[in-house]
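Asks:
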Amino acid sequence: MSASIDMTEILRGLNRFDAAAVSAARTAVDQFGEHVLGDAQEICPVESGALQASATSEPAVMVGLKVSKTIGFNIRYGAARHERPPEKDVGPRQNPRGQWKFLETAVRAAAPKFAPFVAARVKATTAD
268 MSASIDMTEI
278 LRGLNRFDAA
288 AVSAARTAVD
298 QFGEHVLGDA
308 QEICPVESGA
318 LQASATSEPA
328 VMVGLKVSKT
338 IGFNIRYGAA
348 RHERPPEKDV
358 GPRQNPRGQW
368 KFLETAVRAA
378 APKFAPFVAA
388 RVKATTAD
């Protein structure tokens, strides 16, 4: 799953486009993405712990005026576990901790805070 932020409005508000703003945006997107991934790890199903431990992320990248970061879980059955509702589980689970849609839930919960977080970091870095 990836998240992107279009920097056009943020940079327009700053009336400047410089290396410091780009660097601050990339750092902020990285930090925010890692936080969301941590939230997803907290609510993912835990049986052996392999799914939780498979959390992974790529560094934020800037393409044009968009900064993107990809986060996810890279164990083979991760996507199936994410999409399978509890009523579809076969037999008792060893550890009932966690929920389905764990990554989507974390992303949706954090989404309203994403742009303000990045904007504040960019503004703080580029303030004169």
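For the sequence shown, the positions run 268 to 395 when this note's numbering is used. A virtual CB, placed ideally from N, CA and C, is assigned to each residue, including glycine. Quick caveat: nothing in here was measured; it's all calculated off a predicted structure.
1) Return the first residue and the last residue of the alpha helix (DSSP H) that K380 is part of.
2) Which partner residues does A288 have in the DSSP bridge list?
3) What does DSSP give as the partner residue(s) for S324 in the beta ladder?
4) Spell out a yes or no on whether the region 290-297 and the region 337-347 are touching, meaning 3 or more CB-CB pairs, one atom from each, closer than 8 Å.
5) Looking only at C-alpha atoms, which of V389, S321 and V385 sits nearest to G300?
6) Spatial neighbours of A394 within its chain, please: C-beta separation below 7 Å, excluding the five flanking residues on both sides.
7) May I ask you to verify whether the region 302-318 touches the region 368-381, counting CB pairs closer than 8 Å and requiring at least 3?
Replies: Taking the structure as given:
1) On the sequence shown, position 113 is the one that residue 380 refers to. Its alpha helix (DSSP H) spans residues F369 to T393.
2) To locate residue 288, count along the sequence shown from 1; it is residue 21. Answer is none; A288 lacks a bridge partner.
3) Indexing the sequence shown from 1 puts residue 324 at position 57. According to DSSP, S324 bridges with I338.
4) no
5) In the sequence shown, the residue the question calls residue 300 occupies position 33. Closest by alpha carbon: V385.
6) Taking the sequence shown and counting its residues from 1, one reaches residue 394 at position 127. Cβ neighbours of A394 beyond the five flanking positions: none.
7) yes
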